[in-house]
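Chemist: Protein chains in written order, with the numbering used here: chain V, 81 to 296; chain G, 267 to 685.
1) Could you pull out every residue in the same chain whose Cβ sits closer than 6 angstroms to the Cβ of residue 636 (chain G), ignoring the five residues on either side in sequence?
2) Measuring CB to CB, does residue 684 (chain G) end up less than 9 angstroms from residue 670 (chain G)?
3) Can you tell which of G:319, G:394, G:360, G:628 has the C-alpha that lies nearest to the C-alpha of residue 412 (chain G)?
4) Does the structure place the region 157-169 of chain V close enough to the region 274-293 of chain G that three or more beta carbon pairs sit under 8 angstroms?
5) Against chain V, does residue 511 (chain G) count as a neighbour if the rule is that its beta carbon must be under 9 angstroms from one of theirs?
6) Taking 9 angstroms as the threshold (C-beta atoms), are residue 471 (chain G) and residue 527 (chain G) in contact?
7) Using only alpha-carbon positions, find the residue among G:467, G:405, G:625, G:575 that is nearest to residue 430 (chain G).
8) Could you pull the start and end residues of the beta strand (DSSP E) that residue 489 (chain G) belongs to?
9) Classify residue 644 (chain G) as helix, strand or coil using the three-state DSSP reduction.
10) Per DSSP, residue 659 (chain G) forms a beta bridge with which residues?
11) I need the straight-line Cα distance from residue 678 (chain G) to residue 242 (chain V), nearest angstrom please.
12) If we count the other Cβ atoms within 10 Å of its Cβ and call it buried at 16 or more, is residue 593 (chain G) buried or exposed?
13) How about residue 233 (chain V) and residue 152 (chain V): do their beta carbons lie closer than 9 angstroms?
14) In the structure shown, what three-state DSSP assignment does residue 279 (chain V) receive?
15) Near residue 367 (chain G), what residues of its chain come up, given a Cβ to Cβ distance below 7 angstroms and the 5 sequence neighbours on each side ignored?
16) So residue 204 (chain V) and residue 146 (chain V) are in contact, right, with Cβ under 8 angstroms, and what is the actual spacing, rounded?
17) Looking at chain G, which residues of the region 155-170 of chain V have a Cβ within less than 7 angstroms of any of its Cβ atoms?
18) Are the Cβ atoms of residue 229 (chain G) and residue 336 (chain G) separated by less than 9 angstroms?
19) Would you mind working out which of G:457, G:408, G:516, G:455 sits nearest residue 482 (chain G), comparing C-alpha positions?
20) Does residue 130 (chain V) come within less than 9 angstroms of chain G when only Cβ atoms are used?
21) Straight-line CA distance for residue 247 (chain V) to residue 565 (chain G)?
22) Quick check on this structure: which residue in G:570, G:532, G:426, G:374 has the alpha carbon closest to the alpha carbon of residue 302 (chain G)?
23) Between the Cα of residue 491 (chain G) and those of G:520, G:546, G:458, spot the shortest distance and give me the residue it belongs to.
24) List the endpoints of the continuous beta strand (DSSP E) containing residue 153 (chain V).
25) For my contact list, residue 138 (chain V) and residue 167 (chain V) are in at a C-beta cut-off of 8 angstroms; report their separation, rounded to the angstrom.
26) What does residue 521 (chain G) pair with, by DSSP beta-bridge criteria?
27) Can you check which of these residues, G:446, G:271, G:643, G:291, is closest to residue 323 (chain G) by C-alpha distance?
28) Does residue 660 (chain G) have its Cβ less than 9 angstroms from a Cβ in chain V?
29) From residue 665 (chain G) to residue 263 (chain V), what does the alpha carbon distance come to, in whole angstroms?
30) What is the DSSP secondary structure of residue 422 (chain G), counted as helix, strand or coil?
31) If I measure Cβ to Cβ from residue 178 (chain V) and keep anything under 8 angstroms in the same chain, skipping five residues before and after, which residues do I get?
32) If you draw a straight line from the alpha carbon of residue 365 (chain G) to that of residue 396 (chain G), how long is it in whole angstroms?
33) Could you tell me which of G:383, G:602, G:309 sits nearest to residue 132 (chain V), measuring between CA atoms?
34) For residue 615 (chain G), write down the residues that DSSP places opposite it in a beta bridge.
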């Protein structure tokens, strides 16, 4: 958008404009969080970042969108960290969610992910390596990532990998980096948290999101 | 040619006697069994010899029957009911043979019997000689049917008894089997037979029961419950292999019994605009494989429990249906919690009763903000109560954690991180 037009619109609106891309028809937008953007189907997406950077919140927003569309969703939870209460609160239909708890074993998690993706029929497969030690997560070979990506190519499924740093390298079509922001404490209450999303691949602009707690 | 056996004996014995001579047996009433005697002449000879063989068999079973043989089932029934001992109704002369029988043997309705009484019609012959048009005009189709019966001319097919549908296979093994591979060959054959029989009848199954008799005289029972009816022997075999590899019998197997519960097959029409869902047959197999990998209790859909206890849920079988839409979805982006299972034991420094430093495994740092304490407790009336003070804390590096102090032990734990 030209800078002049933007300045005029901001003057009329009285607030800075936030540009939100319209999701493609073959993509999955994050429910209720347009700032997160959308992830493409038939490809592998990585959401990377440290603890408390909003990776899980983004994945749950995607799961909420998928299950609201009457599609099924699978979560391969390497470290058994998923909280169904938060997910239900965010709108995820738990009866449409297949949760596989791998007890901290990344190898089993990878095998489970492979089986689930090869079986097909899931709109979204989330492979959570968010708390897996980096040394263990890095052992997953590029061939394995390539195999996962190939399995969903030309299908209506999308794979989302949650990790501390990019793992799938060239196999990922979209890489989102999540960064911590300021927590929002109000009095004795944790009302939410500010985070920042940055699209690394393909390059995109930074966006700021406020995640609110159940009390916020 | 049909033979009718009439006796006031146990109906099961009557049927057993009839089934000794023909697979096509109709139970017309509790005391009457009719069998298709076509072809019995080649074995026993003339009709009276067939009747004698049936009578001999009945006496062996402990009852004395009245037997009639006729060209149609109803003439045989009437003759067996009306005449004692053995009766052979000649073909073409049924009306003449049956003419002396009383009319009540035809079991007309009470009102019709009263009408016949009023008209002075008391035997088969009285009814048989009446003009059919007059009968139809005055008594309707039921009257005509009774007249055809009285003439012994009613032709109808036999309605044979059907065995209750049982899809069961069993096999005693020549020598005890203690490996899954040789057992798979036996199971493959049995499942193939059961599925073929189900397919022939247009049925499927949603439950397959396997009973293995073991060498130590105990049994090992396994049941495969499927979310949708299926009839694919290969899928069942793979599911059973996976199940038995996780729950292997304690001793070598000497006998295998397999039973499938018949149900109507699933009929589903795919649609262009219907959301993609996993194929049930394939999904069942995939879930079994994943269960073998990570454990059965770690695969499924979570279901929240109606309690205030933190992290309370149970696992349900995926695809079995459940709560449906979440009760009150939050409209905006929600902060999610990631659990540490089991909770991470921590060392927490307090300042004025508030946590100021956290040390738990790799988590280490001064606490810059804290929200709490939030006291929760419950289930004090059970053996597993909880009572704790929760804090939501932010470390200097920006990480947010939920920590709690268990009152029973006074120890601190990290429950999870906000992400």
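Glycine is no exception: its CB is placed at the ideal position from the N, C-alpha and C atoms.
All values derive from a computational prediction rather than experimental measurement.
Modeler: Based on what the coordinates show:
1) 620, 621, 657, 659
2) Taking the C-beta atoms as reference points, residue 670 (chain G) is found no nearer than 9 angstroms to residue 684 (chain G).
3) For the residues G:319, G:394, G:360, G:628, the minimum Cα distance to residue 412 (chain G) belongs to G:394.
4) The answer is no - the region 157-169 of chain V does not touch the region 274-293 of chain G, with fewer than three Cβ pairs under 8 angstroms.
5) no
6) yes
7) G:467
8) 485-496
9) strand
10) G:636, G:667
11) Rounded to whole angstroms, residue 678 (chain G) and residue 242 (chain V) show a C-alpha spacing of 28 angstroms.
12) Low confidence applies to residue 593 (chain G): its pLDDT is 48, below 50, so where it sits in the model is not reliable enough to give any reading.
13) It is not a contact, given that the beta carbons lie outside the stated cut-off.
14) strand
15) 344, 348, 389, 390
16) Contact flag correct, Cβ pair sits at about 4 angstroms.
17) Flagged, chain order: 160, 161, 163, 164, 165, 166, 168, 169, 170.
18) The structure shown does not extend to residue 229 (chain G), since chain G spans only 267 to 685, so no value can be given for it.
19) With respect to the C-alpha of residue 482 (chain G), the residue from G:457, G:408, G:516, G:455 having the closest C-alpha is G:516.
20) yes
21) 25 angstroms
22) G:426
23) G:546
24) Note, residue 153 (chain V): beta strand (DSSP E), 153-157.
25) At roughly 13 angstroms, the Cβ-Cβ gap does not stay under 8 angstroms, so residue 138 (chain V) and residue 167 (chain V) are not in contact.
26) In DSSP, residue 521 (chain G) forms a bridge with G:438, G:479.
27) G:271
28) yes
29) Between residue 665 (chain G) and residue 263 (chain V), the C-alpha separation is close to 9 angstroms.
30) coil
31) Answer for residue 178 (chain V): 152, 153, 154, 155, 196, 202, listed in chain order.
32) 13 angstroms
33) G:602
34) G:623
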